[in-house]
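One structure is given below, encoded as structure tokens.
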């Protein structure tokens, strides 16, 4: 499971980094979204990957059988903030498209 | 427990939050009401910040605030010590002139200026106060989200383009922030800065490596914010595109990164096995930044870019000097930070006034007004207040003062700051009997050269603007716009006159920072409200 998770994070990060280096604004935003998915999974992963374990501490329960609740709380916050900033970026992207008439990140096409 | 005084700690976050939210209820046309709320909030903020500074300076104030009354490593804490109090005062003092300047005309150039301004202050203050890494991330995002809006205030293709780059860079930085924070949590199991400082000693082997890697990634984020070369190519474009009052308040934003670096490097990486993590990066990166900024200052034609590169020079100086990790020099650096933030804030606002008489500046303003809509006819009625008499003379004097401050010539505070730093580096007995290392000589050289470059380009710009302009168009400047600039310059003058007390405060601050034990004890042993005096084992603080 750790292997699948880390390969998934790796692929998404790789694709994300490649995409944010592309010249089109839409590619940049998709790249940022992919990166934020990868980062969210990474945050989730640092608490240790466990399946079928609750993040609840009960009487007489061994601590090592629990999942860590803190990364889960962190990842929720990160998702919300990431979502909001991505939406904001989308608006700016549309404004830039409207004002410059091109979707190039520099606001003008590269001379051929 | 000092009782109700304790609640002042959270006030710098709550005041702008409430004011910003309240402002949303008023329509954009009710400008007077909006302006009133904003000004009252900023004044209250300044009063609270100064009060906190006094409390902290008096020495017997426990500056820890437990949110939700949860004990320290489990809940989130707000901590005010000398350094955060200083930053709070600096931010709120800079906010007042920027706001007053905006009231003259710029706040009408787009929607929700006042709310965004308040939220920016909230994010700034939160970042200065928080004692928790993830909470720092949240406040960073609050600050950045507001800054995205403010940067594009006034609209226009240039600002939107700059905003696009700025947002992309900062979103990528936010992701790095998360990676760094989660790597630190994964290795240390805590996000509380004080708790982290305690636990870092017990972390061994691979986990320490992960922790240091996490801290390094986190450091990159703050270096992006501070504008260290080669992470700073976004900065000149963004700062010079922003409208004047926004650029003025942005002068403190690049200092947030420096604040966090100073805080974490001395608190967490001050001693133990990981001591001095990344100091060389700060030292050499800072020197490269000074060099880059200096070249930029010399090469800039437009005044806006000149000011932006001055931000870089100021950041580079601070980073390089912090990289030396020498107490006396760091105290000088804190003084320099206050002085240069006020100077750059004043300079950004002054530029707009100076350029108003010239074609370039006027056309930018015209484009802005045009892009936003039919602001033209409203503009006339908006310009309340009196036109400044003897405009050119006052502008010229302020410009000269900014030049003197930026280049660090006597008699203003820029000189005192640089002198304090240089004395710490190469003064008599600065290094004892040991010879002064080569890297220090490099910093000294770069510091002096950057001052010279600032002097040259300010002189050149001054001659071009004030002496060589043949058209004879005197810019129409309002008292309300000139007063903030003069206030900031007067503040630097006060700082010069009161350099003694200010320096002793900075020295005390650095002494406190170098003994992280006090900070850690205060946070870990912070007593909960309503719990019996000795918090005892049932206090839940079983660490």
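Protein chains in written order, with my numbering: chain A, 1 to 112; chain B, 1001 to 1543. We put the beta carbon where it would ideally sit given N, CA and C, even for glycine.
Between residue 1404 of chain B and residue 1412 of chain B, the beta carbon gap of about 5 Å places them in contact (Cβ cut-off 8 Å). Separation of the CB atoms of residue 1450 of chain B and residue 1294 of chain B is rounded to 5 Å, and the pair is thereby assigned contact status at 8 Å. Put simply, the CB of residue 1185 of chain B is near chain A, with a gap under 7 Å to one of its CB atoms. Per the coordinates, the alpha-carbon of residue 1502 of chain B lies some 21 Å from the alpha-carbon of residue 1407 of chain B. Residue 1130 of chain B is bridged by DSSP to B:1078. Burial state of residue 1282 of chain B is buried, judged by a 10 Å Cβ sphere holding 16 or more other Cβ atoms.
Per the C-alpha coordinates, the member of B:1086, B:1034, B:1078 positioned closest to residue 1054 of chain B is B:1086. Contact annotation for residue 1134 of chain B against chain A: 74, 77 [CB-CB distance below 8 Å, chain order].
Across the structure, residue 40 of chain A and residue 1187 of chain B are spaced so that their CA atoms are roughly 17 Å apart. Note: residue 1491 of chain B is not bridge-paired with any residue in the DSSP secondary-structure output.
Taking a cut-off of 8 Å on C-beta distances, the segment 1018 to 1038 of chain B touches the segment 1112 to 1120 of chain B, as three or more cross pairs fall below it. For residue 1066 of chain B, the enclosing beta strand (DSSP E) begins and ends at 1064 to 1066. When CB distances to chain B are screened at a threshold of 8 Å, the residues of the segment 77 to 103 of chain A falling below it are 77, 78, 81, 82, 84, 85, 86, 88, 89, 92, 93, 95, 96, 99, 100, in chain order. Secondary structure note for residue 1234 of chain B: its alpha helix (DSSP H) is the uninterrupted segment 1234 to 1241. For residue 1008 of chain B and residue 1078 of chain B, the gap between their C-alpha atoms comes out near 11 Å. According to the DSSP assignment, residue 1399 of chain B belongs to the alpha helix (DSSP H) that extends over 1391 to 1407. Chain B has a Cβ within less than 7 Å of the Cβ of residue 43 of chain A. In terms of Cβ geometry, residue 1025 of chain B and residue 1034 of chain B do not form a close pair [threshold 7 Å]. Against chain A, the beta carbon of residue 1145 of chain B has neighbours under 8 Å at 84, 85, 88, listed in chain order.
In this structure, the alpha-carbon of residue 1339 of chain B lies about 25 Å from that of residue 1515 of chain B. In this structure residue 67 of chain A is in contact with residue 55 of chain A, their Cβ atoms being roughly 5 Å apart against a cut-off of 8 Å.
Residue pairing by DSSP puts residue 24 of chain A in a beta bridge opposite A:104.
Where residue 1514 of chain B is concerned, the enclosing alpha helix (DSSP H) starts and stops at 1499 to 1514.
From the beta-carbon of residue 36 of chain A, the residues of chain B found nearer than 7 Å are 1175. Taking 7 Å as the cut-off, the beta carbon of residue 1279 of chain B is found closer than this to the beta carbon of residue 1323 of chain B. Listed in chain order, the non-local C-beta contacts of residue 1401 of chain B below 7 Å within the same chain comprise 1412, 1489, local neighbours out to five positions each way being set aside. Contact between residue 1499 of chain B and residue 1416 of chain B holds, since their C-beta atoms are separated by about 5 Å, short of 8 Å.
Burial is judged here by how many other beta carbons sit within 10 angstroms of a residue's own beta carbon; residue 1397 of chain B has fewer than 16 and is exposed. Going by C-alpha positions, residue 1223 of chain B is about 43 Å away from residue 1390 of chain B.
The beta carbon of residue 1221 of chain B sits closer than 7 Å to the beta carbons of 1173, 1176, 1177, 1180 from its chain, once the five residues preceding and following it are set aside; these are given in chain order.
Within chain B, the residues 1164 have their CB atoms less than 8 Å from the CB of residue 25 of chain A, given in chain order. Annotation note: the segment 1263 to 1304 of chain B contains the following uninterrupted alpha helix (DSSP H) runs of length 4 or greater, listed N- to C-terminal: 1279 to 1299. Setting aside the 5 residues that flank it on each side, residue 1424 of chain B is surrounded in the same chain by 1326, 1328, 1329, 1332, 1430, each with a C-beta closer than 7 Å to its C-beta; the list follows chain order. For residue 1478 of chain B, the three-state secondary structure derived from DSSP is strand.
Under a criterion of Cβ atoms nearer than 8 Å, the residues of chain B adjacent to residue 70 of chain A are, in order, 1185, 1191. Across the set B:1005, B:1132, B:1317, B:1196, the C-alpha of B:1196 shows the shortest separation from the C-alpha of residue 1271 of chain B.
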